[in-house]
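In this note's numbering, the protein residues as written are 5 to 657.
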């Protein structure tokens, strides 16, 4: 057997060798004399096979250049930072929540006793309480101020005044974060690091420093433990919301999406890597738009990470300083404005242009443009900072926003209603005709205020607030949810309008939008010219292929629409069906509750050596006050659940 394997190995090697010779030497060479066994010459690229019967043996190989143990595969980073919180931390934060709630209830009760209770006083008390507790509660108040679809307007106005100033953390933590983020000693990166922060907010502190090459930078570092405190507060919010929904104080399931959205929003603000990416994109796109008055600080990505951002240090005046100088006619502020060539009216119009551009042309818009996030530089230039909160729209929503403005200019109430409601899609099963009529009635009242001349109104009466509040009232009346980006757009728009009119009371938002549309037309022309240039040559056939694929997709969608049923069962369920379902579940719960109580009564009787029959047991259960209280609770909770549904608008079938 071994001898047979050896001979076959020799035949294989001989055939391989002949093939190698032909490949190296071209045509087949004339036959040579047979060599003696075991003395065959080595062939180029071939390995000699011993003919002594030993098949196992070492073979040559290329040495490894890099050790496999030195190569690691890093997993991709998650979208949002992850923080862990213990039950003890959550219970500690629950105590802070309960103390705040007790203080608010006591203050409101005292005001009622003194007959001075108003919505404004309750809102101001809530703001002061949140600021006093600080930390996460400040961010909570700021986020609640955006929910004008759910919270009364007076609360939104008051909570928008919340101050985001906190005591700074020790500089040792800042330096430790620098070293953990960069993997280097802090003094290897910075020539000078100022230990006193120039800004101290609830999420981060901002320090100024000099890089080794002499570049002045701003270093934004996340507060220690802020993520864990956020997660502890999220857990407390879940506990309180579940209790409130269980007691049917609000509709069951009503707060779930709100809580998830709030958590996602705050976790986004904690992810500095995401913020740096948005800031750099905004800077690059603003440089491409052809306007030299709009930008954002450059980010030094090699020194930035999840908990730290190193960015260009910008000089100028804070926008709040410009506003204060204009409104208070401060001589020092006005002198500095003249020195930096800052024109408040020009700044106002450029802020509007930046708002239009970011919402209509850019990938996203700055959703928190308050005066502390805008720096006004020499020549009335604008530098936006702090991109922790951003929003974006798809093409349909952007087109809807444009139609809203055009319809307002034409005094087209129906067009305003339909374009505005486009921002609320998708709709639940509701009466669309009734919804549009109510929206039109709201916008008629809005148009009446826009016809008043500026000299007869205050600046806050000429903002777009009434327009968006009309949409909010319609959404509330029909229980329509609003997506996060629409809410961010409304809040950002109100902030932009406020800043502009405080700088220049004669500014007209819609006239400025018409001027912006001229610039937008130029942007569109440049894009089409580029498309035509790209379509020349072989790209023309690529465009044809894309057009054919689009046509096939449209045909497929049309076939799907034709073959789909006109009505879905889920959209035509009436209130009586919902009521019947809830009542059936209530009966099951009552039977189960009665059965459990009967078992308890039977066990109690057995312990007393008394064995009653079934009728006596049921009689004892029915006459038990604790049982009757439990039945009452079950009835109240289920009836309230039904009433929530009965208040909804009828489905349009």
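C-beta atoms are modelled at their ideal positions from N, C-alpha and C, and glycine is treated no differently.
Secondary structure of residue 442 (DSSP, three-state): helix.
Burial check for residue 532: the Cβ neighbour count within 10 Å stays below 16, so the residue is exposed. Using a Cβ distance threshold of 9 angstroms, residue 439 and residue 475 do not count as a contacting pair. Beta-bridge partners assigned by DSSP to residue 316: 221.
By the Cβ test, the region 330-350 is not in contact with the region 489-499, since fewer than three Cβ pairs between them sit closer than 8 angstroms.
Just measuring C-alpha positions, the residue of 121, 117 and 146 sitting nearest residue 131 is 146. Under the DSSP assignment, residue 360 falls in the alpha helix (DSSP H) whose first and last residues are 348-364. Straight-line measurement puts the Cα of residue 149 at about 15 angstroms from the Cα of residue 487.
Of the residues assessed, residue 399 falls on the exposed side of the cut-off, its CB having fewer than 16 other CB atoms within 10 angstroms. With a cut-off of 8 angstroms on Cβ pairs, the region 165-178 is not in contact with the region 281-300, counting fewer than three such pairs. 245 is the residue among 245, 202, 508 and 214 whose C-alpha sits nearest the C-alpha of residue 257. The C-beta separation of residue 407 from residue 419 comes to about 6 angstroms, placing the pair in contact by the 8 angstroms criterion. For the pair residue 396 and residue 356, the CB atoms are not nearer than the 9 angstroms cut-off. Straight across, the Cα-Cα distance linking residue 314 with residue 308 is about 6 angstroms. Within the DSSP bridge table, the entry for residue 212 names 222 as partners. Contact between residue 286 and residue 391 holds, since their C-beta atoms are separated by about 6 angstroms, short of 8 angstroms. Membership of residue 387 in any alpha helix (DSSP H) is not indicated; the residue belongs instead to the beta strand (DSSP E) covering 385-388.
Listed in chain order, the non-local C-beta contacts of residue 198 below 8 angstroms within the same chain comprise 211, 212 and 213, local neighbours out to five positions each way being set aside. In this structure, residue 346 keeps its C-beta atom at 9 angstroms or more from the C-beta atom of residue 319.
Non-local beta-carbon contacts of residue 412 in its own chain, meaning distances under 8 angstroms to residues more than five positions away in sequence, involve 420, 451, 454, 471 and 514 in chain order.
With fewer than 16 neighbouring CB atoms inside 10 Å of its own CB, residue 617 falls in the exposed class. Contact between residue 226 and residue 204 fails: their C-beta atoms lie close to 12 angstroms from each other, not under 8 angstroms. In the same chain as residue 316, and ignoring 5 residues on each side of it, the C-beta atoms closer than 6 angstroms to its own belong to 301 and 302, in chain order. According to the DSSP assignment, residue 254 belongs to no beta strand (DSSP E), since it is labelled neither H nor E.
In this structure, the straight-line span from the alpha carbon of residue 228 to that of residue 606 is close to 57 angstroms.
With 16 or more other CB atoms across the displayed protein chains lying within 10 angstroms of its CB, residue 290 is buried. In this structure, DSSP gives residue 394 an extended state, which the three-state scheme calls strand. One alpha carbon belongs to residue 405, the other to residue 424, and they sit about 7 angstroms apart.
As the crow flies, the alpha-carbon of residue 638 is around 16 angstroms from that of residue 625. Checking the DSSP bridge columns, you'll see residue 378 partnered with 388. The residue from 375, 598 and 590 with its alpha-carbon nearest to that of residue 322 is 375. Taking C-alpha positions only, residue 352 is separated from residue 133 by approximately 34 angstroms. Assignment of beta-bridge partners to residue 299 by DSSP yields 387.
The closest CA to that of residue 590, considering only 634, 342, 118 and 611, is found on 634.
The closest CA to that of residue 646, considering only 595, 588, 266 and 469, is found on 588. For residue 322, DSSP records a beta bridge to 379.
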